[in-house]
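Engineer: One structure is given below, represented as structure tokens, and several questions about it will come after.
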Amino acid sequence: MLGLVEPTGSGIGGDLFAIVWDAKEEKLVGLNASGRSPRQLTKAVFAERGLHQIPKFGPLPVSVPGAVDGWFALHEKFGKLPMSALLTPSIKYAREGFPVSEVIAYYWQMNQERIGHYDGFAETFLIDGKVPQKGDVFKNPGLAVTYEKIATGGRDAFYKGDIARTIDAYMKSQGGFLSYQDLSSHTSEWVEPVSANYRGYDVWELPPNGQGIAAYRFLMCLSTMISKEWGLTQQTTSIPLWKPRSSPLKIALSSMRIQTSTIFQSTG
5 MLGLVEPTGS GIGGDLFAIV WDAKEEKLVG LNASGRSPRQ LTKAVFAERG LHQIPKFGPL
65 PVSVPGAVDG WFALHEKFGK LPMSALLTPS IKYAREGFPV SEVIAYYWQM NQERIGHYDG
125 FAETFLIDGK VPQKGDVFKN PGLAVTYEKI ATGGRDAFYK GDIARTIDAY MKSQGGFLSY
185 QDLSSHTSEW VEPVSANYRG YDVWELPPNG QGIAAYRFLM CLSTMISKEW GLTQQTTSIP
245 LWKPRSSPLK IALSSMRIQT STIFQSTG
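Spelled out as structure tokens, the structure:
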């Protein structure tokens, strides 16, 4: 449902990360359902275009959308109801419409300014040529059809059927590199969550390539600063407002640029 009512931050065009308690195994399990970059999008492509980093918007930063495969991976392991039943409410509201919330309307406007010039945006996301406002009823019949195909055809309907071929054709028309081959070869990965103990609590996150590891680094930095730099004890329940509370967060986030997924990390 979030993929419908929050098109600015959720949806089948994105990725999925999950930490789930496995009652049978009595442990936490992690799912990395993020997609890889297109295989034809090499460093040479960026060099040829005079780019020194991946753009924030446009066709070049688009990777394989892993969310749908993540749905089915989780459903296969933990699900009880059929996927068709789970998607029925979303199909209904996509076709009949739902009222847009204030926050989503704000981000809708922001994204229209960033990507509104791309083919298909106006037809899909505007109402009479205008960005939906708070309280407007928005319908997305195209998404309803896509959900129906996924409900009846499973993950292959998205990654190996007409949907994948449509994505391939659209990306080519926009100068992108995401291809049918990239989509059809995608798989999610079950991973072992990592943890850090902070003041008596075990905090669990997923390993890279996700950004959850930043929380681990933040807590380790914060623990060190509390005891060594700020002169506080582990029993302290609050930090005075004058303390530079952002410093541990800055350190944690700055280190994210050098992290790598374990599937690409050199072992030599």
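Residues in the sequence shown are numbered from 5 upward in steps of one, following our numbering. Glycine included, each C-beta is placed from N, C-alpha and C at the ideal position.
For residue 159, which residues from the same chain have a beta carbon less than 7 Å from its beta carbon, with the 5 sequence-adjacent residues on both sides left out?
Structural biologist: Excluding positions up to five away in sequence, the list reads 72, 73 and 76.
Engineer: Just curious, the alpha helix (DSSP H) that residue 95 is in, first and last residue?
Structural biologist: Element bounds for residue 95: 87-100.
Engineer: Please report the distance separating the alpha-carbon of residue 27 from that of residue 98.
Structural biologist: Going from the Cα of residue 27 to the Cα of residue 98 covers about 34 Å.
Engineer: Please classify residue 45: does DSSP put it in a helix, a strand, or coil?
Structural biologist: Three-state result, residue 45: coil.
Engineer: Using 8 Å for Cβ pairs, my map puts residue 200 next to residue 223. What's the rounded Cβ distance?
Structural biologist: Contact flag correct, Cβ pair sits at about 5 Å.
Engineer: Going by Cα to Cα distance, which pick from 153, 193, 12 and 64 is closest to residue 45?
Structural biologist: The option with the nearest alpha carbon to residue 45 is 64.
Engineer: Using the C-alpha atoms, what's the distance from residue 198 back to residue 221?
Structural biologist: Roughly 12 Å between the two C-alpha positions.
Engineer: Going by alpha carbons, who is nearest to residue 32 out of 19, 39, 43 and 82?
Structural biologist: Cα-wise, what sits closest to residue 32 is 82.
Engineer: Measuring CA to CA, which of 174, 206, 155 and 173 is closest to residue 89?
Structural biologist: The option with the nearest alpha carbon to residue 89 is 155.
Engineer: Given this structure, state the Cα-to-Cα distance separating residue 109 from residue 125, to the nearest angstrom.
Structural biologist: So the alpha carbons of these two residues sit roughly 15 Å apart.
Engineer: Counting along the chain, where does the alpha helix (DSSP H) carrying residue 187 start and finish?
Structural biologist: Unbroken alpha helix (DSSP H) run through residue 187: 184-188.
Engineer: Which residues bound the beta strand (DSSP E) around residue 140?
Structural biologist: Unbroken run through residue 140: none, as it is neither H nor E.
Engineer: Helix or strand or just coil, what does DSSP make of residue 71?
Structural biologist: The answer is helix: DSSP assigns residue 71 an H, G or I state.
Engineer: Could you tell me if residue 212 is buried or exposed, where buried requires 16 or more neighbouring beta carbons within 10 angstroms of its beta carbon?
Structural biologist: Result: buried.
Engineer: Name the one or two DSSP bridge partners that residue 195 has.
Structural biologist: Answer is 34, bridged to residue 195.
Engineer: Given 8 Å as the limit, is there contact between the segment 103-120 and the segment 165-172, that is, 3 or more CB pairs closer than that?
Structural biologist: The segment 103-120 is not in contact with the segment 165-172.
Engineer: Can you give the beta carbon distance from residue 151 to residue 91, rounded, assuming they're within the 8 Å contact cut?
Structural biologist: Confirmed, Cβ separation roughly 5 Å.
Engineer: Taking the alpha carbon of residue 122 as the point to measure from, which residue in 176, 29, 104 and 56 has its own alpha carbon closest?
Structural biologist: Among 176, 29, 104 and 56, the Cα nearest to that of residue 122 belongs to 176.
Engineer: Going by DSSP in three states, residue 207 sits in which element: helix, strand or coil?
Structural biologist: The answer is strand: DSSP assigns residue 207 an E or B state.
Engineer: Below 8 Å, can you find three or more Cβ-Cβ pairs linking the segment 34-48 to the segment 10-26?
Structural biologist: The answer is yes - the segment 10-26 touches the segment 34-48, with three or more Cβ pairs under 8 Å.
Engineer: Using the beta-carbon count (16 or more within 10 Å), is residue 146 buried or exposed?
Structural biologist: It is exposed - the Cβ of residue 146 has fewer than 16 other Cβ atoms within 10 Å.
Engineer: For residue 86 and residue 137, what's the separation of their Cα atoms in angstroms?
Structural biologist: Their backbone Cα atoms lie some 35 Å apart in a straight line.
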